[in-house]
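**Q** If you're matching positions, the sequence shown starts at 434 in this note's numbering and goes up one per residue. By construction, the Cβ of each residue, glycine as well, lies at the ideal position given by its N, Cα and C atoms. All of these numbers come straight from a predicted model, not from anything done at the bench.
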Amino acid sequence: MKSNHPKISIIVAVYNQEKFIGRCLRSLLNQSISSSEYEIIVVDDGSTDLTPYALDLFHGSITAITNPRNLGLPAALNIGIRRASSKYIIRVDSDDFVNSNFLNFLATYLDLNPNSHAVACDYLLVNDTGDWIKRVNCAEDPIACGIMFRSKHLFEIGLYDENFRYHEDKDLRFRFEKKYVVDRLNIPLYRYRRHADNITNDVEEMNFHKKQLINKHGHQVLNS
């Protein structure tokens, strides 16, 4: 495996994404920086499809953690983050993929701006086959991924709240931005896939956790 002290830890939580996880991981392994500078931590959250087989194809290139049962996205993410041993942490979803300069540009931004707490990049919305739909400003329409955090700040705010199986990213970001700032890098380095199996398509569950979010933080969280 790689160095015991990489600069960047990429956290990928995966559940039944046999169709997309391969492209995600290939894009992460095809970065323009040395492989010794980063680690890829994949948490398989109890997948019941061929995801475990897909992950085996990357044996030796990733750190794979398997949950014996499905714990939910925020719990899986926290397991990965706690395994991390780096200065910077970034989340990539298992059905998305990234540009080859993704890690290089974001880490360089934080390296050269020591007072910056985190930085997000713009992204391209892509369809089921990976074709480009539109470019999106990450400050105007933020997503959960493509944000590189200084690890110490994530641990300070307590990581993801595992009560939120949906909207976990909004809760985390709201707590983070009470004290810190997420800067914007005006380069579309992330590829955010929109497809029929996105968990955000479960309207009933999304609405339930939206109410939970408001109960915890008040209505102002919806505008954060």
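Under the three-state reduction of DSSP, which class applies to N511: helix, strand or coil?
**A** Position 78 of the sequence shown, counted from the start, is the residue given in the question as residue 511. Note: N511 maps to helix in three-state DSSP.
**Q** L558 bridges to which residues according to DSSP?
**A** What you label residue 558 is simply residue 125 of the sequence shown in a count that begins at 1. L558 is bridged by DSSP to K567 and Y625.
**Q** In angstroms with no decimal places, state the Cα-to-Cα distance between P439 and D564.
**A** Sequence index remark: in the sequence shown, residue 439 carries index 6 (1-based). Sequence index remark: in the sequence shown, residue 564 carries index 131 (1-based). If I take the Cα positions, the gap works out to 32 Å.
**Q** Using CA atoms only, rank isn't needed, just tell me which of E610, F582, S494 and A509 is closest to G479.
**A** Mapped onto the sequence shown, residue 479 falls at position 46. G479 has its Cα closest to that of A509, out of E610, F582, S494 and A509.
**Q** Does the beta-carbon distance from Y556 to P621 come in below 8 Å?
**A** Here residue 556 refers to the residue found at position 123 of the sequence shown. Here residue 621 refers to the residue found at position 188 of the sequence shown. Result yes, Cβ atoms of Y556 and P621 sit closer than 8 Å.
**Q** Tell me the DSSP secondary structure of I454 in three-state form.
**A** Counting from 1 along the sequence shown, the entry for residue 454 is found at position 21. Helix, per DSSP.
**Q** Rounded to whole angstroms, what's the CA-CA distance from D574 to Y613? Just pull it up for me.
**A** Start at 1 with the first residue of the sequence shown, and residue 574 comes out as number 141. Start at 1 with the first residue of the sequence shown, and residue 613 comes out as number 180. Near 19 Å, if we compare the C-alpha coordinates of Y613 and D574.
**Q** Does DSSP put F664 in a helix, in a strand, or in coil?
**A** Residue numbering for the chain in the displayed model covers 434 to 657; residue 664 lies beyond these limits and cannot be assessed.
**Q** Pick from P507, F530, L461 and R583: whose alpha carbon is nearest that of D561?
**A** Numbered from 1 along the sequence shown, position 128 holds the residue referred to as residue 561. Of the candidates P507, F530, L461 and R583, the one whose C-alpha sits nearest the C-alpha of D561 is F530.
**Q** Going residue by residue through the segment 471–557, where are the continuous alpha helix (DSSP H) segments of at least 4 residues, counting only ones entirely within it?
**A** 484–489, 506–516 and 535–545
**Q** Comparing C-alpha positions only, which one of D489, N537 and R459 sits nearest to M581?
**A** Here the question's residue 581 lines up with position 148 in the sequence shown. Comparing Cα-Cα distances from M581 to each of D489, N537 and R459, the minimum goes to N537.
**Q** Expressed to the nearest angstrom, what Euclidean distance is found between the alpha-carbon atoms of V475 and H586?
**A** For this step, residue 475 is matched to residue 42 along the sequence shown. For this step, residue 586 is matched to residue 153 along the sequence shown. Answer to the nearest angstrom: the Cα atoms are 21 Å apart.
**Q** Label N631 either buried or exposed according to how many other C-beta atoms from any shown protein chain fall within 10 Å of its C-beta, with 16 as the threshold for buried.
**A** Taking the first residue of the sequence shown as position 1, residue 631 is located at position 198. Caution applies to N631, whose pLDDT of 48 falls short of 50 and renders its modelled position unreliable; the value that the coordinates give is listed next. Taking all protein chains in view, the Cβ of N631 is surrounded by fewer than 16 other Cβ atoms within 10 Å, so the residue is classified as exposed.
**Q** Taking DSSP's pairing of strands, which residues face V445 in a bridge?
**A** Taking the sequence shown and counting its residues from 1, one reaches residue 445 at position 12. V445 is bridged to V475.
**Q** Give the straight-line distance between the Cα atoms of I454 and P547, rounded to the nearest whole angstrom.
**A** Residue 454 sits at position 21 when you count from the first residue of the sequence shown. Residue 547 sits at position 114 when you count from the first residue of the sequence shown. Going from the Cα of I454 to the Cα of P547 covers about 33 Å.
**Q** Classify A572 as buried or exposed, calling it buried when 16 or more other Cβ atoms lie within 10 Å of its own Cβ.
**A** Your numbering for residue 572 matches position 139 in the sequence shown. Under this definition A572 is an exposed residue.
**Q** Return the first residue and the last residue of the alpha helix (DSSP H) that F582 is part of.
**A** Working through the sequence shown from its first residue, we reach residue 582 at position 149. It is not in any alpha helix (DSSP H) - F582 instead sits in the beta strand (DSSP E) that spans I580 to R583.
**Q** Within 8 Å, do at least three Cβ pairs link the segment 504–521 to the segment 462–472?
**A** In this structure the segment 462–472 lies against the segment 504–521, because at least three pairs of beta carbons, one per stretch, are closer than 8 Å.
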